[in-house]
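**Q** Pasting in a structure now, in structure tokens, and then I'll have a few things to ask.
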């Protein structure tokens, strides 16, 4: 299996095989001596050339975070053979979906469909645990869609608005 | 739903309904005010008429144990409408399967197929963590089948022998 | 003198669990109350009885006095422990408990009232000869008065709401030109926050330490001080990390602060557990700030260095027992530090981050105490304070307490929501912190600095691990194919990983 | 004097995890070793480096000196911590470490040898004026000699293997008629167990207490005693529950025992941590029994009452540091009790019960320390000692330590395998235990008595809960339809329950 793993904008080409409980692994062409056991769901006991790591996987909304010990990495795993993942990668330049980072209540909606917004312009205010957070537009564009209403509840990962 | 729950040889007839997150419950004909939430798999936060209980379910081999706080109950749940469970209940008087209570290694096999055994007669010796445990026949009868061999490994719940 | 058979706990979260534990240790039955969103909370699971008391907003549940007292009556609870927050410093509630024939585990309503208004507390303390920061002991009548007082005590000065708390209605004023607008702002904020415009002046001590003294008073006139706590590490006027003893308090200073604290308690006719807060300037002069008339969040550090259980003692005092020790029996040994684990996003200015906890790895081992209200699979509700748990480290000395905490924080993992665990790793490794150079500005200064990044080699490991997770079917090769909702996706992953795990175990 | 950069831990389970924590707290890198069945063990997950050293049987892995030393060499570890058991009291291993240029964290090979044979230890202690039970200090030459010695010291007498341990080669003899056959039996058992027929005689103290004293000795001639531990609660000569201080030891007796322990250590040229075991008769006379030349399983109770970290101190001593305190700096505060959580089936005569842990709810909170080698999802291998974890309770006094432990044991749940958790609930509620009336026969007597049954009302609750589990799809209505393997069934249940749980959370 070949994967492209993207961390911090950097691409890691991974060539992995798993047979009879043994792994063979090449990272960017370099062979690594890898041994891995899932201790429990989302927890991997990983050995690379006798160095030991406790690795945790965390799925928050659409994102995958991989924790090596106490260092967190936002990770994207792509199968280079899959058209779909390539298509999705291209998506980033089109309309941008603004999602909620955590659950909360919509206190105010600051923009309406059709508005032109600058990067950093407020789209909505979401309240959780007595604090209010302004959700901002990540880019300049036109508000294509507002998917929330004042007083409504949102969950982590919910799409609040789409900016074109 | 109607269940027969057998604990310590005693039968509890349970009439349960669950709709819109609310339970209605009759235990042996008596109505109970029940409220239940699964906190995590195998852990139930149960309220009966405002009394609160942390109940744990434990599956060891074929058995179901229910823990109310720190008291353990071996429990059998039967659906009285199911022919199958009734048939199985009748089974107890036929051939008896002798199972391993825990994993281990078979150190010695003490009986062979065709042997006549008394209740309490040794069938095999299983070793775990440096201690040896003699597995005994629960009843008088003929050894119908021996399903293990010396030096072999057994898992919890594995059938070691059948006594007719 | 008879111990209570049943206690109602008018609270939720980690403090409700902590009080439940104390009751169970004392053989006392526990009645929990919960709002609609707290049915699955840990305190309900661990209680002996549990009663719903209404919808999520605290005003309709945990702050609703008639509902709480109704449950006390129906359940036959003989006493109520209020925890901290919610009704814990509400004199009307203490009063109502008394009228309903239920013992309130805390001070009397009149002691609470004496301490509830900061200006009234100052007046009482003035009489008792307690040192406090120069300023007014009553609300400002006019701008002219403010102008005169400020000129007399000298700038910078601090404007404070008499009914205040949590930094609301507070303004730091550096020069007289700023005074007028600051006074107006403080007053209107005080009005909005507490329904009370009263504001007074104190001399501002720039970057003071915040040190507090724990006291215990029984109902027979005996009052003792236990140990001080250093609480200078704050963000948005909220404490983040506390320790005992304070790195700058020696035996003599402790005795002097303790004696003042006992004098404060006597002046207020105080009973049960309480805390006297002091500001400490760089010359180690200490000034009375206010008294907190309840159990504090940070009480465990005092428990660890004194070997006492404050909740047990609160209950014994409320049941009418005498303190089982005298001042000279109390000694301090070792060092303890508490980290408040909040559901907060360090990458988003520590904004609250509720949600579902998908994975929880909790630390334990030597010198580690964990007081927690969370569990794996629980959804942290959006309606309350983001405090999830407290991790407390004890050591022979401060250095060992720090190193044990760092070790334990590295073991701690809360998946699915953001927490401030990484903040503590940073604080505990900070050179100034390790030197004990603390003040209330420390944390903002530290956060303004740059954080060290993880090494590149760790990124290599993350890449390999991500591939292995994917290969084992834990993460679909193309993320676009995953279930739209985070929850559904995680659940289906779980089951795939389970089979993978089983496969691994068998080979 | 330079601290180690990297330490190899030649052990597994909870003690390997405990030593890993100490190393990480001290900023020292950790090299773990593991046998084939321990790849998924907690100590491998928590280490910085991990090396496989062979198949499950300890003789081919954890006891294999060349393999362990080879890993030390390859990894660059500068020191080896042996934990307890395995190679920890193996003088040859300590010797081999020295020859390989790796520091053994423990006493020297010669000190171990001096204490390794019980008869040789008795001879050395006789010279040092240490009190011990009347008997022979060398192996019996003949039956006639045995007969004469027994007649001189009076029956009952105890025959003991010189190389002994774990009750092997021991025989209690009540009258001279039994002596001959008992001597033969003890000799052949000693031969079988240790390859050494040597057997000696001691006066038997019937139902003695077993109390031991912890000592620490640096490599500069400084030796101190810390606290005694009461270890009288034993089954099959294995300790089950230990506490500090002992309910019968007062300050004077502690000082006298401590001074004897220090004399023992000096006589053996002892360094690092060690324990001197005593038998104590009903008149509180104490007799030297043996010295354990390693860290004990039960060291945490001493840590809790003294506020010290014994593993940190072991490592500092091995690195050449002087003890950072003197005898007069050591004080005891509060009370600590340890429960050894074993994978044992209480309903099957405490036979070992390995297997997969399907659910783990672990206690925490005030006064609770948990040193554990297990985790949810882990399969306890069949090949080693059944010790899973240690739960240690601390309190202001013995009563509070007991009540906190009972509370914590009620929170503790290990699903999928059997454990002895229920045994501790029984011990801690026992009236004789609570009165401190302990001796080595206590546990057998208690277990011979009847256990209180759970109330009928709890059975009603279990019935309702079983129905709800079934209704939520967690348990099939007819058990006959369930998957044949326990594992498969549990896994499929899990996923069903997850959806049920989600459904619950949403309504």
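Protein chains in written order, with our numbering: chain D, 1 to 164; chain R, 165 to 328; chain U, 329 to 835; chain H, 836 to 1342. Backbone N, C-alpha and C fix where the C-beta goes; we use that ideal spot for every residue, glycine too.
By how many angstroms is the C-alpha of residue 660 of chain U removed from the C-alpha of residue 550 of chain U?
**A** 20 Å
**Q** Looking at the structure shown, is residue 17 of chain D part of a helix, part of a strand, or coil, going by DSSP?
**A** Residue 17 of chain D: strand per DSSP, three-state reduction.
**Q** Do you know whose CA, among U/535, U/496, U/482, U/424, lies nearest residue 772 of chain U's CA?
**A** Closest option to residue 772 of chain U, Cα to Cα, is U/535.
**Q** Between the C-alpha atoms of residue 1197 of chain H and residue 1246 of chain H, what's the straight-line distance to the nearest angstrom?
**A** 7 Å
**Q** Look at the alpha carbon of residue 1285 of chain H and the alpha carbon of residue 1277 of chain H, and state the distance between them as a whole number of angstroms.
**A** Rounded to the nearest whole angstrom, the C-alpha separation of residue 1285 of chain H and residue 1277 of chain H is 14 Å.
**Q** Let me see if you follow: with CB-CB separation under 8 Å, is residue 149 of chain D close to chain U or not?
**A** no
**Q** Could you tell me which residues DSSP puts in a beta bridge with residue 1046 of chain H?
**A** H/1065, H/1113
**Q** With a threshold of 8 Å on Cβ separation, who are the neighbours of residue 887 of chain H within its own chain once the five nearest residues in sequence on each side are excluded?
**A** Excluding positions up to five away in sequence, the list reads 868, 869, 870, 871, 874.
**Q** Select from the segment 59–76 of chain D all residues with a C-beta closer than 9 Å to any C-beta belonging to chain U, and list them in chain order.
**A** 59, 60, 61, 62, 63, 64, 65, 66, 67, 68, 69, 70, 71, 72, 73, 75, 76
**Q** Considering only the alpha carbon of each residue, which of U/544, U/397, U/514, U/414 lies closest to residue 654 of chain U?
**A** Of the listed residues, the one whose Cα sits closest to residue 654 of chain U is U/544.
**Q** Based on the DSSP output, what are the partners of residue 377 of chain U in its beta bridges?
**A** R/215, U/359
**Q** Do residue 369 of chain U and residue 330 of chain U have their C-beta atoms closer together than 8 Å?
**A** no
**Q** Using the three-state DSSP reduction, which class does residue 388 of chain U fall into: helix, strand or coil?
**A** helix
**Q** Shortest alpha-carbon distance to residue 105 of chain D belongs to which of D/148, D/161, D/31?
**A** Of the listed residues, the one whose Cα sits closest to residue 105 of chain D is D/148.
**Q** Assess contact between the segment 260–274 of chain R and the segment 1185–1192 of chain H, defined as three or more Cβ pairs (one per stretch) separated by less than 8 Å. Is contact present?
**A** By the criterion of at least three beta-carbon pairs nearer than 8 Å, the segment 260–274 of chain R is in contact with the segment 1185–1192 of chain H.
**Q** Figure out for me which residue from U/408, U/763, U/570 has the closest Cα to the Cα of residue 425 of chain U.
**A** For the residues U/408, U/763, U/570, the minimum Cα distance to residue 425 of chain U belongs to U/408.
**Q** Buried or exposed: which applies to residue 328 of chain R, given that a residue is buried once 16 or more other Cβ atoms fall within 10 Å of its Cβ?
**A** Under this definition residue 328 of chain R is an exposed residue.
**Q** Pairing CB atoms from the segment 1223–1233 of chain H with CB atoms from the segment 195–208 of chain R, are three or more of them under 8 Å?
**A** no
**Q** What do you reckon, are the CB atoms on residue 629 of chain U and residue 672 of chain U nearer than 8 Å?
**A** no
**Q** Consult DSSP for residue 296 of chain R and reduce its assignment to one of helix, strand or coil.
**A** strand
**Q** Between the segment 963–984 of chain H and chain D, which residues of the former have CB atoms less than 8 Å from a CB of the latter, in chain order?
**A** Under the 8 Å Cβ criterion, the segment 963–984 of chain H contributes no residue.
**Q** Taking the beta strand (DSSP E) that residue 485 of chain U belongs to, which residues open and close that run?
**A** 485–489
**Q** What first and last residue would you give for the alpha helix (DSSP H) that runs through residue 171 of chain R?
**A** That residue, residue 171 of chain R, is in no alpha helix (DSSP H); its beta strand (DSSP E) goes 166–171.
**Q** For the alpha helix (DSSP H) containing residue 710 of chain U, list its first residue and its last residue.
**A** For residue 710 of chain U, no alpha helix (DSSP H) run applies, since DSSP gives it neither H nor E.
**Q** What residues are listed by DSSP as bridge partners for residue 1106 of chain H?
**A** Looking at the DSSP assignment, residue 1106 of chain H forms no beta bridge with any residue, so it has no partner.
**Q** So, is the C-beta of residue 1242 of chain H closer than 8 Å to a C-beta in chain R?
**A** no
**Q** Does DSSP put residue 973 of chain H in a helix, a strand or coil?
**A** coil
**Q** For residue 694 of chain U, name the three-state secondary structure that DSSP assigns.
**A** coil
**Q** Residues of chain U with CB closer than 9 Å to the CB of residue 215 of chain R, please, in chain order.
**A** Near residue 215 of chain R (Cβ distances below 9 Å), the residues of chain U are 376, 377, 378.
**Q** Below 8 Å, can you find three or more Cβ-Cβ pairs linking the segment 1286–1306 of chain H to the segment 171–190 of chain R?
**A** yes
**Q** Of the choices U/712, U/766, U/700, U/373, whose alpha-carbon is the least far from that of residue 390 of chain U?
**A** Restricting attention to U/712, U/766, U/700, U/373, the CA atom closest to the CA of residue 390 of chain U is found in U/712.
**Q** Let me see if you follow: with CB-CB separation under 8 Å, is residue 209 of chain R close to chain U or not?
**A** yes
**Q** When burial is assigned at 16 or more other CB atoms within 10 Å of the CB, is residue 165 of chain R buried or exposed?
**A** exposed
**Q** At 9 Å on the CB atoms, spell out the chain C contacts of residue 32 of chain D, in chain order.
**A** The displayed structure is made up of protein chains D, R, U and H, and chain C is not among them.
**Q** Write down every uninterrupted run of the beta strand (DSSP E) in the segment 889–951 of chain H whose length is 3 residues or greater and which is fully enclosed by it, in chain order.
**A** 914–916
**Q** Under 8 Å, Cβ to Cβ, is there at least one residue of chain D near residue 937 of chain H?
**A** no
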